[in-house]
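**Q** Following the numbering used here, the numbering of the sequence shown begins with 2 at its first residue and continues without gaps. Backbone N, C-alpha and C define an ideal beta-carbon position, used for all residues, glycine too.
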Amino acid sequence: MVKLDLKYRKILYELDVDSRQSYKEIAKKVGLSKDAVIYRINKLKKAGIIKRFHTVIDNGKLGFIPFRLYLKLQSTTPEKEQE
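(1) Measuring straight from C-alpha to C-alpha, what distance separates D17 and G64?
(2) CB K8 to CB R53, shorter than 9 Å?
(3) Grab me the residues of K81's own chain with a C-beta within less than 6 Å of its C-beta, minus the 5 sequence neighbours each way, in chain order.
(4) Applying the 10 Å Cβ sphere with the 16-neighbour rule, what's the burial state of I12?
(5) Would you call A48 buried or exposed, if buried means 16 or more other Cβ atoms sit within 10 Å of its Cβ?
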């Protein structure tokens, strides 16, 4: 388990809220310089804490109804399951 100081946690919070924020915006909210934020984010990436940045789409606004479907396959081989 990695221990993070308050500044790291604030950076992660800001990225979770909006990962498209500029380094300058995050720095202002967190109370660090832009260069310090860049350094810390790069450190979090190298440590594997930040794996990637991605978009979350609200499918409901597009008219889609989200649901989950669970299937149990019988009489299959591991190769068939991969297909």
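**A** The answer reads as follows:
(1) Numbered from its first residue, the sequence shown carries residue 17 at position 16. Numbered from its first residue, the sequence shown carries residue 64 at position 63. For D17 and G64, the distance between alpha carbons rounds to 25 Å.
(2) For the purposes of this step, residue 8 is identified with residue 7 of the sequence shown, where counting begins at 1. For the purposes of this step, residue 53 is identified with residue 52 of the sequence shown, where counting begins at 1. Not a contact, by the Cβ cut-off of 9 Å.
(3) One-based indexing of the sequence shown puts residue 81 at position 80. There are no such residues.
(4) As a first step, residue 12 must be located in the sequence shown, where it is residue number 11. Per the 10 Å Cβ criterion, buried.
(5) As a first step, residue 48 must be located in the sequence shown, where it is residue number 47. Using a 10 angstroms sphere on the CB of A48, the tally of other CB atoms stays under 16, which defines it as exposed.
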